[in-house]
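Student:
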Amino acid sequence: MKRYIMPSIKVLIALIVAVALTKIAFFPSSGAQDQSAPEPQFAINAPTITVAKADISNSLTVEGQIVEDAPKEAKATMAGTVARLVYEDGAQVAAGEPILTLKKTEAQEPVTSTDEEGNTTTEQREPKVTWEDVYAPVGGTITYKVIKDQEATVGTVVATVAAGSYSAKGKVTAAQQYRLTNPPTEASVSVDSGPAPFSCTNLKIGTKDDQTSKTDPTTGDTTTTTGDGTSVEVRCSVPGDQQVFPGLKAKITIDAGSASDAIVVPVTAIEGNYSTGSVWVLSDPKKPSSAVKTEVSLGINDGKNVQITEGLKEGATILQFVPGKDIQRTGTPNTCERDQSACYDENGKEIS
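If you use this note's numbering, the sequence shown corresponds to residues 7 to 358, in order.
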């Protein structure tokens, strides 16, 4: 008898559990509904700011170093033989002076003539010889890359001239390039343990292909790897009257413009940061929900604030942060905003 009672009890327990699970799944109690219904516990406080006027300047400082300029190449402009080296290696030359002479010899077709009696005479002509000088591209110390009587083709580097000049160079990020779309032609350079800050001319900003060379010690073969061209270099020429040395650390300060009494807003309030962008203007300053996306024209950007040249008036209320954009705010360390919208850690970064 006991053998039949135990299976019956197990079946009964299984039925009770199944009924209970069905009720929970398809017929929840009103109490459960009340607990699961979302109830707003606080109102989202979107920070706003009032648009005002201020002075703004775009001054970007780039960390860099002093480098010696690469020697300038002098190339053959005619195919021929090196007939003369004007200087010895290591001599000082002036820009535009002849440094080498090329000789080109061309055979001429013979001249055939017939006299009155019908006799034919063939006369060999002298070869045509052309001379051409190669000139120093800059003034400085010359180093020849060819020897006398060597054959050279058009474009062959026959010599280099080291001007002994220096440049200050550094790198900027792709984002910083937006602040340098209309760069000046010179910058201010300060050198560690060097002369007082001075003007550095011929300022150039451009993308460079970083190259890395690796030599196989067993075969001696050299492999050069070219970068992706995303390294942006800032470079300017150090005046000759400034005494500097390669390797010295330098700071390159580029002044890309300024404006007085301009309408400015924080960069956090702008969607887009070059030429044109958008801000969110509140029709009711007390209701962040009334914000409307508004297109504006942008001017000077100092990295923290942006000049608004068109599309926004002084006194307007806008959202301090672009909606939906994850931005970490900064503030006074170990404090909170008055409206409790954000608090900051010991480093002044927003606590998320």
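Quick reminder that beta carbons are idealized off the backbone N, C-alpha and C, glycines included. Model, not experiment: these values are computed from the prediction.
Starting from residue 153, follow the beta strand (DSSP E) in both directions and report where the run begins and ends.
Tutor: Residue 153 -> no beta strand (DSSP E), and no H or E assigned at all.
Student: Please report the residue range of the beta strand (DSSP E) in which residue 313 lies.
Tutor: 311-316 is the extent of the beta strand (DSSP E) around residue 313.
Student: Anyone know if the C-beta pair for residue 302 and residue 285 falls short of 7 Å?
Tutor: Yes. Within cutoff.
Student: Note down, in chain order, each residue of its chain lying with its Cβ closer than 8 Å to the Cβ of residue 103, except the 5 sequence neighbours on either side.
Tutor: 92, 141 and 142
Student: Under a three-way DSSP split, which group does residue 68 fall into?
Tutor: In the structure shown, residue 68 sits in a strand (DSSP, three-state: E or B).
Student: Flag this pair as yes or no: are the beta carbons of residue 158 and residue 82 separated by less than 7 Å?
Tutor: yes
Student: Quick one: is residue 310 buried, meaning 16 or more other Cβ sit within 10 Å of its Cβ, or exposed?
Tutor: Classification of residue 310: exposed, given that the 10 Å Cβ count is below 16.
Student: Does DSSP classify residue 143 as helix, strand or coil?
Tutor: coil
Student: So residue 356 packs on residue 336, CB below 8 Å; how close in whole Å?
Tutor: 7 Å
Student: Taking residue 277 as the reference, which of 210, 267, 255 and 326 has the closest Cα?
Tutor: 326
Student: Specify, as a first and last residue, the run of the beta strand (DSSP E) that residue 270 falls within.
Tutor: Element bounds for residue 270: 255-272.
Student: List the DSSP bridge partners of residue 277.
Tutor: 284
Student: On the three-state DSSP scale, how would you describe residue 184?
Tutor: When DSSP states are grouped into helix, strand and coil, residue 184 belongs to the helix group.
Student: With DSSP collapsed to three states, give me the class of residue 296.
Tutor: helix
Student: How many angstroms separate the CA atom of residue 320 from the CA atom of residue 269?
Tutor: 7 Å
Student: Counting Cβ pairs closer than 8 Å, one from the segment 101-115 and one from the segment 177-196, do we hit at least three?
Tutor: no
Student: Indicate whether the contact test is met: 3 or more Cβ pairs, each with one atom in the segment 124-138 and one in the segment 55-75, closer than 8 Å.
Tutor: no
Student: Taking contact to mean 3 or more Cβ pairs, one atom from each stretch, closer than 8 Å, check whether the segment 167-180 and the segment 114-134 are in contact.
Tutor: Judged by Cβ distances under 8 Å, the segment 167-180 makes no contact with the segment 114-134, as fewer than three pairs qualify.
Student: Verify whether the separation of the beta carbon atoms of residue 100 and residue 145 is less than 7 Å.
Tutor: yes
Student: Count the other CB atoms, across all protein chains shown, that sit within 10 Å of the CB of residue 306; report buried if there are 16 or more and exposed otherwise.
Tutor: Residue 306 should be labelled buried.
Student: Helix, strand or coil, according to DSSP, for residue 301 in the structure here?
Tutor: Here DSSP, grouped into helix, strand and coil, assigns residue 301 to strand.
Student: Closest to residue 156 by CA distance: which of 197, 87 and 256 is it?
Tutor: Answer by Cα proximity: 87.
Student: Between 153, 243, 120 and 209, which lies nearest to residue 75 when the distance is taken from Cα to Cα?
Tutor: 243
Student: Using CA coordinates, which residue listed in 89, 304 and 308 is at the minimum distance from residue 105?
Tutor: 89
Student: So is residue 96 buried or exposed if we call it buried at 16+ other beta carbons inside 10 Å?
Tutor: The residue is exposed, with fewer than 16 neighbouring Cβ atoms inside 10 Å.
Student: Using only CA atoms, which one of 207, 300, 255 and 252 lies nearest to residue 261?
Tutor: 207
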